[in-house]
Structures are given as structure tokens and as C-alpha cells.
Amino acid sequence: MSAPDRLGRRLIQLYAGLTLYGASSALLVESGLGLEPWGVLHQGLAELTGLTIGVVSIFVGAAVLLLWIPLRQRPGLGTVSNVFVVGLAMDGTLALVPDAHALAARVPLLVAGIVLNGVATGLYIAASFGPGPRDGLMTGLHRITGRSIRLVRTAIEVAVVATGFVLGGTVGIGTVLYAVAIGPLAQLFLRVFAVPAASDGSTAVAAGQPEEAILRP
């Protein structure tokens, strides 16, 4: 694959992945059966402020990005795009998808949201344009504190889930299923969407240990 073709594919993957991530998060909201950790916080803040969950996601992403400054993290195109695209896609999807009240409709929405979230994660991480704001916070704290990625990520996600729940965010079976499924799904789709290198035809995916590769917006 030539360098221009590779760049074009990476850009398509980046924005397709971020858009799909926002849409899949909206499906989790519509299911009403539990959100991903940061989604719980976003929904809780939306309940508190009266803003849409997508707008809250944008504000939270921007605020987290500011925390990169003392952590000396460097944002990429994917980092900045993440702040805006995910929130806009989430609100757009919520405006289009009708409310689901029956459990028979909510369960498929939950499953679709989790699976598509894994697809989206593989798409945008394999594009290699930089981690999302929340992932940079995780890796920055890991570097500064010397604590493991797993410990830092767990501490952050427990904190945001607890805060979001207190504010009115939805925690449920979907939250647990998401936590269990997102790692294997993202690893699978990282391989599926790996971008061939321009020089020798090899593939390039997110670098680092497996737990570091599972980066979410």
C-alpha cells in the first residue's frame, strides 16, 4: 500500500471509528441497562446540568485534555477529533433512534452497543492518530506515578462510575457486560482493522502491552 493510500485509509478509519463509537454509546443509553464507565459520568452530569449527553461528553473530553498539560502528554489528530466527533455522533444517534421501552428491544440495543463499541475501538486505535483524552490521562498518570496501567485505569473508572452513579447515571448489567467484553472485542478488531505499512507490507496496530492497547475515548 502506498503512503497516500495508507494515510487515506487511516483517516477513514479514524473518523468512522469515532463516529461509530458515539453511535454505539448512544445505543447503550437507549437500552437503559447500563453504560460504559465514562458514559455513566456523562449521563449523570447531563442529568445535573440539563445539557445533552453528547455535549457533556465534549466538555468532559476537553477538560480531561487540559489535564494532559501537567502530565506532559502530546495530543494527536485523533485526540482532538475524539473530543468533538464522539459527542456529536452520540447526540445525532439519540435523535434518530426511537425510545425503546420493551425489554425485548432494549437487550438487542445493549448487545449491539457493546459489539459496535468494540468495532469502533479497533477502527480508531488501529488508525494510530493518538489516544483519546481519557486514555492519555490514564497513560500519563501511569508514567508519573509508576503504577501499573491496570491499577490506574481501574482507579479512574471506579471513580467516574461512582461519581456518575451518584449524579444519576445508569449502572446495570450492561456496565458489567461492557467491562467483561470490551477488552476481547477491541483486541479482535484491532487485528481486523490493522493498517498495512507503506514500506514492507507488514501491519501496524497500537503499540504496547495488550492492556495498553485497549484505549477508549
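Numbered according to the numbering used here, the sequence shown spans residues 720 to 936.
Ideal Cβ placement from N, Cα and C applies to all residues, glycine included.
Local conformation of residue i per DSSP, three classes
i	result
Val-914	strand
His-761	helix
Pro-686	The structure shown does not extend to residue 686, since the chain is modelled only from 720 to 936, so the question has no answer here.
Ala-722	helix
Pro-817	coil
Gly-751	coil
Ala-846	coil
Gly-891	coil
Pro-903	helix
Pro-756	helix
Pro-794	coil
Gly-811	helix
Gly-769	coil
Ala-925	Note on Ala-925: pLDDT 42, under 50, position unreliable in the model; the coordinate value appears next. Ala-925: coil per DSSP, three-state reduction.
Cα-Cα separation, residue i to residue j
i	j	result
Thr-858	Gly-865	10 Å
Asn-801	Phe-778	12 Å
Gly-893	Met-809	17 Å
Val-826	His-761	21 Å
Gly-736	Val-885	30 Å
Pro-852	Trp-757	12 Å
Ala-905	Leu-767	32 Å
Val-914	Phe-848	12 Å
Ala-821	Val-899	25 Å
Leu-796	Gly-883	28 Å
Ile-901	Val-816	23 Å
Leu-870	Val-877	11 Å
Arg-725	Leu-752	39 Å
Ala-819	Val-880	24 Å
Gly-780	Arg-910	27 Å
Ala-926	Leu-828	Residue placement at Ala-926 is flagged as unreliable, the pLDDT there being 41, under the threshold of 50; the coordinate-derived value follows with that caveat. About 32 Å.
Chain B within 9 Å of residue i, Cβ atoms only
i	result
Phe-912	The structure shown contains no chain B; it is built from a single protein chain.
Integer-rounded CB distance, given that residue j should sit under 8 Å from residue i
i	j	result
Gly-938	Leu-746	Since the first and last residues shown for the chain are 720 and 936, residue 938 lies out of range.
Gly-773	Leu-807	6 Å
Gly-888	Gly-763	4 Å
Ser-743	Leu-835	4 Å
Val-830	Gly-741	The pair is not a contact, with the Cβ atoms about 18 Å apart (cut-off 8 Å).
Residue i - containing alpha helix (DSSP H), residue span
i	result
Val-779	772–785
His-861	852–864
Gly-883	868–886
Per the contact definition of three or more C-beta pairs closer than 8 Å, is the segment 730–745 in contact with the segment 836–845? yes
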